[in-house]
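*Asks:* Its first residue numbered 69, the sequence shown is counted upward by one per residue in the working numbering. We put the beta carbon where it would ideally sit given N, CA and C, even for glycine. Just so you know, these numbers come straight off a predicted model, no measurement behind them.
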Amino acid sequence: MSKYIDYGQLNALCHMRGLQSSQSSYSILSAHNMFIKQYPKIFLKKKTRLPKLFKQEEKREPTEGTEELQPQQPDDSHNIAIHVKKARGGPTLYEPKKFEEKLVEFLDILKKLPIYRTLREHRTVWKMLKTIPDLTSQLTDEHLKTLSRSVISETWVKGSTVVGNDGFYIILKGSARPQTKAYKDLIDENESTSSFIPQSFQGFVSNEDFKNILAEMHTPSCDPMLRQWSTFGTLEVTAQTESDTKEYSVITEEDCEILKIPAKDYVRLKSENIKLENKEKMKLIHKCPYYEEWPTLSICELVALIKWKKFPPGYVIVESGKIISFVAYINSGYCNIYRNIVGLMKLQPKKVKKNQKLVCMGKLNEKESFGEISVLLQVPFTCTIVTGKEVEMAIIEDKDLFELDPVTKQLMLHTAKPTFGHLKDEDVKNVYLEREQKKEWKNFKDKTIKNSLYYNGIIPGFGKWDHCWTSIPRNLKDTLISY
Numbered sequence: 069m070s071k072y073i074d075y076g077q078l079n080a081l082c083h084m085r086g087l088q089s090s091q092s093s094y095s096i097l098s099a100h101n102m103f104i105k106q107y108p109k110i111f112l113k114k115k116t117r118l119p120k121l122f123k124q125e126e127k128r129e130p131t132e133g134t135e136e137l138q139p140q141q142p143d144d145s146h147n148i149a150i151h152v153k154k155a156r157g158g159p160t161l162y163e164p165k166k167f168e169e170k171l172v173e174f175l176d177i178l179k180k181l182p183i184y185r186t187l188r189e190h191r192t193v194w195k196m197l198k199t200i201p202d203l204t205s206q207l208t209d210e211h212l213k214t215l216s217r218s219v220i221s222e223t224w225v226k227g228s229t230v231v232g233n234d235g236f237y238i239i240l241k242g243s244a245r246p247q248t249k250a251y252k253d254l255i256d257e258n259e260s261t262s263s264f265i266p267q268s269f270q271g272f273v274s275n276e277d278f279k280n281i282l283a284e285m286h287t288p289s290c291d292p293m294l295r296q297w298s299t300f301g302t303l304e305v306t307a308q309t310e311s312d313t314k315e316y317s318v319i320t321e322e323d324c325e326i327l328k329i330p331a332k333d334y335v336r337l338k339s340e341n342i343k344l345e346n347k348e349k350m351k352l353i354h355k356c357p358y359y360e361e362w363p364t365l366s367i368c369e370l371v372a373l374i375k376w377k378k379f380p381p382g383y384v385i386v387e388s389g390k391i392i393s394f395v396a397y398i399n400s401g402y403c404n405i406y407r408n409i410v411g412l413m414k415l416q417p418k419k420v421k422k423n424q425k426l427v428c429m430g431k432l433n434e435k436e437s438f439g440e441i442s443v444l445l446q447v448p449f450t451c452t453i454v455t456g457k458e459v460e461m462a463i464i465e466d467k468d469l470f471e472l473d474p475v476t477k478q479l480m481l482h483t484a485k486p487t488f489g490h491l492k493d494e495d496v497k498n499v500y501l502e503r504e505q506k507k508e509w510k511n512f513k514d515k516t517i518k519n520s521l522y523y524n525g526i527i528p529g530f531g532k533w534d535h536c537w538t539s540i541p542r543n544l545k546d547t548l549i550s551y
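Here it is, written out as structure tokens:
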């Protein structure tokens, strides 16, 4: 029986008088109205339960001979640091730190010179910088980790003018008012408001502390005041005019603690990364067969135009009959080379159908290049190139290649060759026929051996020859097929 229906009300509703009588239409209409009125009562309504009131239970006094169970505290009788904290009225080492204490610790770390900070302190600074969206949105994690090892904290008294054209600044304590309403990004020249609220403090601030901090930190977007965790300045080192100096300047409204990331450190880091990347590009091009005898000066011209790009497995880079749009140098992975051929497919004993097929003719491995002849001479590819697995390439787009000096372009045309240009249609046809014959011969041998084993009863006890064939050990199967 359903627990949602009141069967007593349903029974009374079914035996209501006047519904089936052949009296006046007035009595039938009144009975019908009564039925409609009583019909909702057959459904049981869920009773609303109020939340239970919990009463605080009184602690029972332990009886004699029993000891009250208490959580075990670590033995700190020999830890001097704990006794010193207790004597000064501070929390013990086993209590969680509040955000204010962590901020004080963070400021103390920044006041030290970077060379005197420990590895743990460097890690703390890095984790804190990762919570600032203006940094993480424009700098890679590796760059941020490197810059965190050289950041410092500056103290500015009320009414001071802080010029931010020599670095990127983050207000850790206090507030300031900008001289202009908008600021440039760290690196780009697009304007964006620098005041923000950190999106997360995971790993550094607890959830309850974060909610309280948000209430204090929140400022309306129309308020130009820069408060805690707001940012200003730039990481680009350029010749600054008087108007640019004002654009990056703020005036402190109270005593402030401001974190500074020097722009010179970022420029030095960026130049070192560019040098390492160019060295890797030059090494890759030098190892390609067509460029082994190239002079270094000509390779440097190519390095300045190179971009890194990754392709997933099975990606068609260029199809046969089309002109490729870039020159590629394979850094990792490989590509398969396919040629088109028209094959015959049997439909019935006396009917065949022409079918376009791709025949794999070889591979392009690491430290090999392709596309030079197709781009410079605008010649269509005679083959299709498909990635075998994830491939990372250094590419030069055709528009950049056309801007090279004539000597470099002539040198490239002289040393490079068409990709698998030595292949002829007859070679492709022979490879295709050879593979098809091997496939047919293998299928014939498998079928013959299976039937022979089944009908001659070499392995009895099996009802089907398919099961019989699969049960043979692999080494025995290979031996039988070889004969």
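1. Quick check: what's the CA-CA separation for L303 versus L187?
2. By alpha-carbon positions, which one of G76, L337, P380, A396 ends up nearest to L352?
3. By the 10 Å Cβ neighbour count, where 16 or more other Cβ atoms means buried, how is D202 classified, buried or exposed?
4. So, G232 versus P330, is the Cβ gap smaller than 7 Å?
5. Can you check DSSP and say which residues form a bridge with L519?
6. Less than 8 Å between the CB atoms is what I'm expecting for Y406 and K431, so what's the real figure, rounded?
7. CB V371 to CB F449, shorter than 7 Å?
8. Which whole-angstrom value describes the C-beta separation of Y72 and F111, a residue pair presumed to lie in contact below a C-beta threshold of 8 Å?
9. Provide the residue span of the alpha helix (DSSP H) that contains P66, from first to last.
10. In angstroms with no decimal places, state the Cα-to-Cα distance between G529 and I409.
11. Hey, how far is the Cα of E471 from the Cα of S393?
12. Y397 bridges to which residues according to DSSP?
13. Give every residue of the same chain whose Cβ lies closer than 7 Å to the Cβ of K377, excluding the five residues on either side of it in the sequence, and list them in chain order.
14. Pick from T487, L445, K467: whose alpha carbon is nearest that of I453?
15. For F111, which residues does DSSP report across the bridge?
16. Below 8 Å on the Cβ atoms is my contact criterion, and I expect L175 with S221 to pass it. Report the Cβ-Cβ distance as a whole number of Å.
17. In the DSSP assignment, find the alpha helix (DSSP H) that holds K339 and state where it starts and stops.
18. What did DSSP end up calling Y25 once you bin it into helix, strand or coil?
19. Going by alpha carbons, who is nearest to K485 out of D468, L337, G439?
20. Using the three-state DSSP reduction, which class does P182 fall into: helix, strand or coil?
21. Look up S442 in the DSSP assignment and say whether it is helix, strand or coil.
22. What number of angstroms, rounded off, separates the C-alpha of S228 from the C-alpha of K179?
23. Is K198 near E322, with beta carbons less than 7 Å apart?
24. Just reading off the beta strand (DSSP E) that K213 is part of, what are its end residues?
25. Along the chain, where does the beta strand (DSSP E) that runs through W376 open and close?
26. Mapping the DSSP letters down to three states, classify V454 as helix, strand or coil.
27. State the beta-bridge partners of Y237 as determined by DSSP.
28. Under the rule that 16 or more other beta-carbon atoms within 10 Å means buried, what is S339, buried or exposed?
29. Would F470 pass as an interface residue toward chain C - the criterion being a Cβ-Cβ separation below 7 Å?
30. From L294 to Q206, what distance separates their C-alpha atoms?
31. Going by alpha carbons, who is nearest to T192 out of F379, E173, K435?
32. Which residues bound the beta strand (DSSP E) around P474?
33. Using only the alpha-carbon positions, how far apart do W224 and P292 sit?
34. Contact defined as beta carbons within less than 8 Å: I believe I326 pairs with V230. What is the distance between those atoms, to the nearest angstrom?
35. What does the alpha-carbon distance come out to for the pair G489 and E502?
36. Using 8 Å for Cβ pairs, my map puts D466 next to V443. What's the rounded Cβ distance?
*Replies:* So, from the listed chains and residues:
1. So the two alpha carbons sit approximately 25 Å from each other.
2. A396
3. buried
4. no
5. The question names Leu, but residue 519 is Asn in the sequence shown. DSSP lists no partner for N519.
6. At roughly 11 Å, the Cβ-Cβ gap does not stay under 8 Å, so Y406 and K431 are not in contact.
7. Contact annotation: V371 and F449 have beta-carbon atoms that are not nearer than 7 Å.
8. 6 Å
9. Nothing can be reported for residue 66, as the shown portion of the chain is limited to 69 through 551.
10. Here the model assigns G529 a pLDDT of 47, short of 50, so the residue's position is not dependable and the matter cannot be decided.
11. 14 Å
12. S437, A462
13. Cβ within range, chain order: M461, I463.
14. For I453, the closest C-alpha among the options T487, L445, K467 is that of T487.
15. I73
16. 6 Å
17. For the record, residue 339 in the displayed sequence is Ser; it is not Lys. Segment 331-355, the alpha helix (DSSP H) holding S339.
18. Residue 25 is absent from the model: the chain starts at 69 and stops at 551.
19. The shortest C-alpha separation from K485 is found at G439.
20. helix
21. helix
22. Taking the straight line joining both Cα atoms gives about 19 Å.
23. no
24. Careful: K213 lies outside any beta strand (DSSP E), inside the alpha helix (DSSP H) at 209-215.
25. 375-379
26. strand
27. F300, K328
28. In the assembly as shown, S339 is an exposed residue. Its beta-carbon has fewer than 16 other beta-carbons within 10 Å.
29. In summary, chain C is missing from the structure at hand, where a single protein chain is found.
30. 20 Å
31. E173
32. Not the beta strand (DSSP E): P474 falls in the alpha helix (DSSP H), residues 474-483.
33. 19 Å
34. 7 Å
35. 21 Å
36. 5 Å
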